[in-house]
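Take a look at the structure set out below.
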Amino acid sequence: MKKRGLIWFKNDLRLHDNESLVKANEECDDLICCYCVEKSSFEILELNFRKADLMRFKFLQQSVVDLRNNLESIGGHLVIGKVSAVNTLPELVKLYGITDIYAEEEYASEELELIKKIKNLLPNIKFHFFWGKTLYHKNDIPFEIKRIPLTSKAYRIPVAKQTEPRKTFEIPDKINFVKNVESKNFPSCEFYGFNKKNYEKATPFVDGGETAALERLEYYTFKSELLTGYRWSRNLSDGLDYSSKLSPYLALGCISAREIFYKVKSYEAKIKKNQSTWWLVFELVWRDYFTFKGLRMGNSIFQTKGYRNKDVVWENDPSKFERWCEGTTGIPFVDAHMRQLNQTGYMSNRGRVNCSSYLVHDLKVDWTWGAAYFESKLIDYDVSSNWMNWHMQAFEIWYTNPVNQSNKYKAQNFIRKWIPELSDKDDTKVLIPWTYEIPKYVKPIEVYDKWARAINLIKKQEA
Ligand SMILES: Cc1cc2nc3c(=O)[nH]c(=O)nc-3n(C[C@H](O)[C@H](O)[C@H](O)COP(=O)(O)OP(=O)(O)OC[C@H]3O[C@@H](n4cnc5c(N)ncnc54)[C@H](O)[C@@H]3O)c2cc1C
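The working numbering runs 11 ahead of the 1-based position in the sequence shown.
Shown next as structure tokens:
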């Protein structure tokens, strides 16, 4: 019997290192390619913001369109569903006589639920799922998921000793696409309730797509050799060059973690092997660890009490939460990062650590509200990286003092850039504006005694 495959692209929006594409091409007579937008991803939550906001929509659109262009350049197509895979996949199966569906394996509850529904609707279709998210394959790590260690070190060391990342998959030389299938346009932003003018103005921090991802990797490594200094620059906040900016591409699978790993290995062989090259791989291992630990902990990673079932008294003042979201808390280091997030869909790791710590430990707002807000805004939103990092900030990590950190990481220029009210202020005033008369900029929600030392240090520097 003729085998006709459907490749269902999800968070693997790439041609390189794509096992579903390679296997489908080997096993089927011909192929259809599709991507399904999930309309429910853009719905408004009880917290009064969207589950995924405009910047994520635009970055997704850019990435899917790039995939469509890349498929068309090799004679293929990309059918794009508007509402949900639950509608589109059965339609395509019926229309084209699909026998097999190929896709990346999922790990989080909402996505697994979606697949369950689709399998129920298509009992005669053979599904093939391939693990592709992480650097180390899920089946190669020396732990069963239910025994993933509770500390990253206990995970990382055995993994590094006993496992190797698998080889990447080459793009097939020839793919047999089903003839006369027309690509679809990505649906308009208005269909999901976004305003066209806001959409046109929106500029995600980096451009989406596999093409931009591979260019960025080349730039960060061989072209600029910025990778050599990563270890020492990675904690900064301002600009494109202090860290790789590969997270948005990893989140939608425009690039694979293995592709990055082998590029770093090649860089080590040809340019430089140092603490920086080690550290970049170490961060990819963190990403893996959170994915596997998230799998082990299941839905408890989305709950206020977390996976340790800890009772914390939250004050949950809605006005404080709103000021945090808007970047008007009066604490410049927090506000600058939150405004950058709102306007670009990206925030540095230093910013994420400080903004989350401030929300949880100073404002005493339920950490799941903050995690949901980041989910709404971040173009690199990744289920496990986001929720596990927030969980760690809420329950496992010491407090981060945003005043001290703004000074330690010399954030003056970054603050002046994102807070126009402070753009003409000197290096001291810009870090602790509340100690001076600056009517243009909002007064802080509260100035805590525990910040006194950091404030005095900044004042002393001025003298
Ligand atoms: C509260 C909070 C929420 C976060 N939410 C997300 C998220 O939704 N998606 C996301 O990809 N990262 C998240 N991070 C991790 C980290 O901040 C980003 O991965 C990083 O800032 C991305 O920029 P980059 O690609 O330049 O990173 P680089 O410093 O260049 O690191 C290279 C890659 O390593 C991975 N990585 C680095 N740090 C971490 C980390 N702490 N945890 C997991 N992976 C890491 C990322 O994939 C990143 O692209 C979060 C961190 C915190 C503290």
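Virtual Cβ for every residue (Gly too), placed ideally from N, Cα, C.
Could you give the C-beta distance for residue i and residue j, rounded to a whole number, given that I count them as a contact under 8 Å?
| i | j | result |
| --- | --- | --- |
| TYR273 | LEU238 | The pair is not a contact, with the Cβ atoms about 14 Å apart (cut-off 8 Å). |
| LEU100 | ILE129 | 6 Å |
| PHE216 | ILE390 | 6 Å |
| ASN298 | LYS256 | The question names Asn, but residue 298 in the sequence shown is Arg. The Cβ separation is near 14 Å, so there is no contact. |
| ILE156 | LEU17 | Wrong, their Cβ atoms sit about 28 Å apart, outside the cutoff. |
| CYS39 | ARG61 | Rounded, the Cβ-Cβ distance is 37 Å, inconsistent with contact. |
| LEU42 | PHE188 | 6 Å |
| LYS50 | TYR203 | 6 Å |
| ASP218 | GLN73 | 6 Å |
Closer than 6 Å by C-beta to residue i: which residues in its own chain qualify, once you throw out the five before and the five after it? Chain order, please.
| i | result |
| --- | --- |
| SER395 | PHE301, THR302 and GLY305 |
| THR411 | VAL364, ASN365 and SER368 |
| LYS440 | TYR447 |
| ILE159 | PHE303, LYS304 and ARG307 |
| LYS283 | THR239 |
| SER359 | SER248 |
Please state whether DSSP places residue i in a helix, a strand or coil.
| i | result |
| --- | --- |
| GLU337 | helix |
| ARG177 | coil |
| LYS137 | strand |
| TYR166 | helix |
| CYS45 | strand |
| GLY381 | helix |
| ARG363 | helix |
| LEU295 | helix |
| GLY305 | helix |
| VAL324 | coil |
| VAL76 | helix |
| VAL453 | coil |
| VAL90 | strand |
| ILE342 | coil |
| PHE53 | helix |
| ARG15 | strand |
| ARG319 | coil |
| PHE332 | helix |
| ARG61 | strand |
Here's a check: name, in chain order, each residue in its chain whose Cβ is nearer than 7 Å to the Cβ of residue i, leaving out the five neighbours to either side.
| i | result |
| --- | --- |
| LYS451 | GLU432 |
| THR340 | ARG334, ASP346, PRO455 and ILE456 |
| SER258 | ASP391 |
| ALA383 | LEU56 and LEU58 |
| PHE6 | Within the shown structure, residues of the chain are numbered from 12 to 474, placing residue 6 beyond reach of any answer. |
| VAL453 | THR339 and GLY341 |
| ASP373 | TYR459 |
| LYS21 | ALA114 and GLU115 |
| ALA35 | GLY16, ILE18, LEU42 and TYR113 |
| GLU201 | LYS207 |
| LEU82 | CYS44, HIS88 and LEU89 |
| PRO413 | ILE342, PHE344, VAL345, ASN365 and TYR369 |
Apart from the five residues on each side of it in sequence, which residues of its chain come closer than 8 Å, Cβ to Cβ, to residue i?
| i | result |
| --- | --- |
| ASN418 | LEU442, ALA465, LEU468, ILE469 and GLN472 |
| LYS388 | ASP64, MET66, ARG67, LEU352, ASN353 and GLY356 |
| LYS321 | PHE406 |
| ASN400 | PHE301, ARG363 and SER367 |
I want to know whether the region 133 to 145 touches the region 159 to 168 - three or more CB-CB distances under 8 Å.
no
Taking 8 Å as the threshold, find out whether the region 68 to 79 comes into contact with the region 17 to 27 through three or more Cβ pairs.
Touching, per the Cβ criterion.
So, does the region 184 to 198 touch the region 284 to 294, judging by three or more C-beta pairs under 8 Å?
no
Would you list, in sequence order, the uninterrupted alpha helix (DSSP H) runs of no fewer than 4 residues that lie entirely inside the region 239 to 270?
241 to 244 and 258 to 262
Inter-stretch contact at 8 Å, needing at least 3 Cβ pairs: the region 311 to 324 / the region 371 to 379:
yes
Of all the beta strand (DSSP E) runs that stay within the bounds of the region 106 to 158, which reach a length of 3 or more residues?
111 to 115 and 137 to 141
Segments of 4+ residues assigned as alpha helix (DSSP H) that fall wholly inside the region 392 to 451:
394 to 406, 413 to 419 and 423 to 429
What alpha helix (DSSP H) runs, 4 residues minimum, are completely inside the region 189 to 235?
207 to 212 and 221 to 229
How about the region 84 to 98 and the region 40 to 48: do they share at least three Cβ pairs that are nearer than 8 Å?
As far as the Cβ criterion goes, the region 84 to 98 touches the region 40 to 48, which means the pair count is three or higher.
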